[in-house]
Every structure is written in structure tokens, then in C-alpha cells.
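Enquirer:
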Amino acid sequence: MHSVAVRLTLIALLFPLAVFAGPVSVALHDGETAAAKLNIVDDGTRAALLLHQCNRDQSMWAPLVDALNERGVSTMTVDLRGYGESGTATYNVREHGFDTVVENVGKDILSINNAWRDATADADRRVVIGASCGGGLATRLTVEADDIDALLLFSPSLRSRWLPDSARDGLERIRQLPALAVVAEDDTAAVESIGLVFDRNASPLSQRITYKGGLHGQPLFEHDPLLATVMASWIERVLDSADAE
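Residues 219 to 463 (the numbering used here) are what the sequence shown spells out, left to right.
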């Protein structure tokens, strides 16, 4: 307990707005658990859920989490089933293969969404962020909700296993929602996935950031050290706009 208190004190010193920062456990639909990290900052009224790509884990979001927390946006990141600290003897992407690990992810994401909402119950502004497979999951959550204020797609994959047909058919419902897309021009599948959202999008706040080459997701943070700041600034601007309405 002492070590936890010390860790949270150090986090509070690094991020003066922090109210709570630490690991949490998400109960999944079948009794398994997912490891997550929750940072509640400021008054907790702005919240972001960040879903990692399927060759990384939640640690990929560290630069963006820091940038969002500094701007008063609370964050929750999570290791999807089989990844990072959510790997188990039954589900581990390295040992059991991709198909086995993601078999239940469609149900897992509902549990993760519920846990995020419970943990950020004071939030009245919400943004969902996803990279690669997480982009499809983020789009699904956005389509199925009515209180998401912005969607950020980072080299997204909108394959049917991440974005089922029922959600794909609902893309028209988010036509006015501000969306930020970040993609490399030679990352063909991600470019096509972004088109599924942006071809229907009419928000004047929506924006695309395109890089040369074929880097996919997390390596773009290393390629452009300013990218996390740009992403967080866009989110801040969109949420400020929503508050002004």
C-alpha cells in the first residue's frame, strides 16, 4: 500500500492536475480481466478512451496520454485481451495466435466501454481514440453511442472483425462528428479505412494528417515527436468548441 501511495504522489507531482492515476482491472464478459491504466485529471469532466493497435499494447499511448492529461483530459488505456499485462495462460497473442486471442474481442470492448464510463462518471465530454484494430473498435463504440464528441483514428483498421456490419451501416449517424485521421500515404488498408469514415463526414472541425511512407500507428510518434501534441491540441480545440455550443 505504501508503494502505491508513493507512486500516486510522484504522479501528482509530475501532473499537478491529477486526482487519481494508477492501474485498474477491467472485468470482461467471461470472467477474464484486462489490465488498464486510469488518469483522472482536473475536474474529470473530459475523458478519453485509447485503444491500442494489435502489434502493440497500451504503453504505445504514453506520449498522447501525457499531452491529454496536461490539457485537462482524463484518460483510460487498456491492454486488449492477450496483449501486455492482459496476457494469460489461455489468451496470449504470442503463444496462442491472433485468431484465438481476438475471438471474444467484440464482447470485450463492451465491457471495456462500460468500465471506462463507470470510472469517468463525471465526464460530460468524451472522445474515443483507436489505432489499427483499435480504430475499428473505437469507430464501433462511437457509432453505437450518442454522447461521443470526437473520434480520432490512428492508422485504423475497419475490417469486419473490428467494425461489424451492424456498426458499419450506422456510419451515417456520425456524419457531423468531428474526426481526426492520422495515416501514412502508403499504408493502403488504413487509408481505405479512413475513407469509410471521412467520405461521410461533414464536420468543419474534421482534419487529416498524412505522412509519406508506410509507417503504421505507433512508429509515427517516433517519426514525428510533435504528433502527440498535435493530436491533443486538436482534441482540446474540439472539446472547447463543444462546450461553447
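Here a beta-carbon is modelled for each residue, glycine too, at the ideal position from N, C-alpha and C.
1. Mapping the DSSP letters down to three states, classify GLY325 as helix, strand or coil.
2. Taking just the CA atoms, how far does ARG455 sit from THR295?
3. Using DSSP with H/G/I as helix, E/B as strand and the rest coil, what is ILE366?
4. Hey, quick one: how far does the beta strand (DSSP E) through ASN257 stretch, first residue to last?
5. Beta-carbon within less than 8 Å of SER221's beta-carbon, same chain only, minus the 5 sequence neighbours each way: which residues are those?
6. Does MET219 pass the burial test, meaning 16 or more other C-beta atoms within 10 Å, or should it be called exposed?
7. Give the list of continuous alpha helix (DSSP H) stretches no shorter than 4 residues that lie fully inside the region 377-463.
8. Please report the Cβ distance between LEU328 and THR357, rounded to the nearest whole angstrom; I am assuming they are in contact, meaning their Cβ atoms lie under 8 Å.
9. Give the straight-line distance between the Cα atoms of LEU423 and LEU269, rounded to the nearest whole angstrom.
Expert: Quick look at the numbers:
1. Here residue 325 turns out to be Lys, not Gly, going by the sequence shown. LYS325 falls in the helix class under three-state DSSP.
2. A straight-line Cα-Cα distance of about 21 Å links THR295 and ARG455.
3. ILE366 falls in the coil class under three-state DSSP.
4. Counting along the chain, the unbroken beta strand (DSSP E) around ASN257 starts and ends at 251-259.
5. In this prediction, SER221 scores a pLDDT of 35, lower than 50, which makes its location untrustworthy; no coordinate-derived value is stated.
6. Note that MET219 scores a pLDDT of 31, beneath 50, so its modelled location is shaky; the value from the coordinates is reported in the next line. MET219 is exposed by the Cβ-count criterion.
7. Within the region 377-463, the complete alpha helix (DSSP H) runs of at least 4 residues are 383-386, 406-416, 437-441, 445-462.
8. Not really, about 14 Å apart at Cβ, beyond 8 Å.
9. Each residue's alpha carbon lies about 22 Å from the other.
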